[in-house]
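Student: In the numbering used here, each number is its position in the sequence shown, counted from 1, plus 7.
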Amino acid sequence: MIKRQDELGAPRADIPDPGPRPEPVRGAPTPEGLARTVAALMPEGAIISDESVSYGRGFYPQTHAAPPHDWLQLTGGAIGDGMPVATGAAIGAGGQRRVISLQADGSAMYTLQSLWTQAREKLPVTTIIIANRKYQILLGEYLGVGANPGPTAMNMLDLGNPDLDWVKLAEGMGVEAARTESLDGLADLLAGSLGRNGPFLIELLV
Numbered sequence: 008m009i010k011r012q013d014e015l016g017a018p019r020a021d022i023p024d025p026g027p028r029p030e031p032v033r034g035a036p037t038p039e040g041l042a043r044t045v046a047a048l049m050p051e052g053a054i055i056s057d058e059s060v061s062y063g064r065g066f067y068p069q070t071h072a073a074p075p076h077d078w079l080q081l082t083g084g085a086i087g088d089g090m091p092v093a094t095g096a097a098i099g100a101g102g103q104r105r106v107i108s109l110q111a112d113g114s115a116m117y118t119l120q121s122l123w124t125q126a127r128e129k130l131p132v133t134t135i136i137i138a139n140r141k142y143q144i145l146l147g148e149y150l151g152v153g154a155n156p157g158p159t160a161m162n163m164l165d166l167g168n169p170d171l172d173w174v175k176l177a178e179g180m181g182v183e184a185a186r187t188e189s190l191d192g193l194a195d196l197l198a199g200s201l202g203r204n205g206p207f208l209i210e211l212l213v
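Below you can see the structure in the form of C-alpha cells.
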C-alpha cells in the first residue's frame, strides 16, 4: 500500500520534542494556568470536550506534553455543544475513559440538562465551568468590528444579576459539585475527581 504522503510527494518531518510535562499552576486563574493545570493532571487516554470559547484559545500549546488524549471541539460557530459532547464521549467509551469537559458558563446554559444524564448513567465526566459571568466571546466580536456597545447591549451580555450558581445547578441535576476561585483549588478538585465513580462539576470563577 502506498502511503498518502508518498503519493503527494510530501516531505517528511520529525515530531518536535514537546518538553517536560507541565506542573499544576498556583494562584489566580489565567487561561494559560488553567491549561497547564489540566495538562499536568489529565490521565492517559482522557477525552477533552472543549467549549471553553474565548478563555481557551491558548490551550493547545500547553497540552503538547500531556499524556496521549483525544480533543473534541466544534469546528463551526454554534455554542452549547460542550456538555452533550462530553456525555456522548463518555457513553461511547463505555465509561472506561475519563472525560474532562472545559465549559464556558454562557454556552453551558444551553444544554445543562446533560448533567442529569451524566448523573443517571454514572458517567466519568469532570466538568470545569469557566465562570466569567458574561458572554465574553460576543464582547470580543464588538471589539473586532470597532463597535462601542452601550449600557443596554452590555446588560444583555451579562450573566449576573443574579449570578448563576453552578454548584446548585449541578446538585439539582444529581451531580456533586464545588466552587473555587484559585488554580490551587482547581488542582485539588480536579485530582480528586479523576478517580470518582461518576460525574463531578467544578465551578472556576475567573
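No residue lacks a Cβ here, since even glycine has one placed at the ideal position from N, Cα and C. Model, not experiment: these values are computed from the prediction.
Ignoring anything shorter than 3 residues, give me the beta strand (DSSP E) runs that lie fully in the segment 89-170, in order along the chain.
Tutor: 106-111, 132-138
Student: Evaluate contact between the segment 186-195 and the segment 44-61, counting only Cβ atoms and requiring at least three cross-stretch pairs below 8 Å.
Tutor: yes
Student: Give me the DSSP bridge partner(s) of Thr187.
Tutor: Leu211
Student: What does DSSP give as the partner residues of Ile55 in its beta bridges?
Tutor: Trp78, Ile107
Student: Under a Cβ-count criterion, where at least 16 other Cβ atoms within 10 Å of its own Cβ denotes burial, should Tyr67 be classed as buried or exposed?
Tutor: exposed
Student: In three-state DSSP terms, what is Leu48?
Tutor: helix
Student: Check this for me: beta carbons of Leu130 and Thr94, under 9 Å apart or not?
Tutor: The answer is yes: Cβ separation under 9 Å.
Student: Which whole-angstrom value is the C-beta distance of His71 and Met49, which I expect to be below 8 Å?
Tutor: Rounded, the Cβ-Cβ distance is 13 Å, inconsistent with contact.
Student: When DSSP labels each residue in this structure, what does Val174 get in the three-state scheme?
Tutor: helix
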